[in-house]
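Participant: According to this note's numbering, the sequence shown is numbered sequentially starting from 80.
The C-beta atom is built at its ideal place from N, Cα and C for all residues, glycine as well.
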Amino acid sequence: MEIRVRVGETDALGHINNASYFIYMEETRINFLQNLGIDIESKHFAFLLASTKCDYIQQGYFGQTLNIDTSVSRIGTKSLTLLSEMYEKESGDLIARGEATLVYFDTLRQQSVEVPESFKTKLQAYC
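1) To the nearest angstrom, how far is it from the Cα of K157 to the Cα of G142?
2) Could you check which residue in N97, Y135, I82, C133 has the C-alpha nearest to that of N110?
3) Sorted by chain position, which residues of the same chain lie with C-beta nearer than 8 Å to G116's C-beta, five sequence neighbours on each side aside?
4) I need the straight-line Cα distance from E106 to M80, nearest angstrom please.
5) Compare the beta carbon distance of Y183 and F126 with 7 Å and say whether it is the shorter of the two.
6) Taking 7 Å as the threshold (C-beta atoms), are L181 and L159 in contact?
7) Please report the distance separating the alpha-carbon of P195 from that of G93.
8) Check R83 in the structure and name its three-state DSSP category.
9) Taking C-alpha atoms, which residue in H123, Q137, S152 lies nearest to Q190?
10) Nearest-angstrom Cα distance between A179 and K132?
Encoded structure:
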């Protein structure tokens with residue numbers, strides 16, 4: 080997925096603000112799950128964000144276009160971890176790498192539940 084860095088996503092020096100990387104990961108994470116046909120708008124079941132991290136490899140700047148690749152690094156019983164790698168489009172340089180752990184959650188029972196096998200099958204293609 081491509082994202083063009085907007086001025087409001089940068090700091091006073093023109094660098095991508097550290098918080099912006101988490102917004103990029105959220106956007107690409109949602110897009111990734113939707114493209115797999117996973118209903119992220121369900122009122123009964125949802126993937127909740129349990130943890131997230133980002134390693135900043137190189138500086139990114141206003142006006143750059145980022146290519147963000149999302150893959151699955153782990154599929155557990157009730158959770159999964161997605162890996163996001165953010166590359167500067169023109170140079171191909173890796174500028175950041177992030178992870179997000181999602182827990183599958185039953186909103187009516189208010190507890191984590193097993194990730195459906197049908198979802199696991201779709202996700203395994205991206206491991």
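Facilitator: This is what the structure gives:
1) So the alpha carbons of these two residues sit roughly 39 Å apart.
2) Per the Cα distances, I82.
3) Contacts found: K201.
4) Approximately 9 Å between the Cα atoms of the pair.
5) F126 sits close to Y183, with the two beta carbons spaced by under 7 Å.
6) Going by C-beta atoms, L159 is nearer than 7 Å to L181.
7) Counting only the Cα atoms, G93 lies some 43 Å from P195.
8) DSSP places R83 in strand when its eight states are reduced to three.
9) Answer by Cα proximity: H123.
10) If you take the alpha carbons of A179 and K132, they lie about 7 Å apart.
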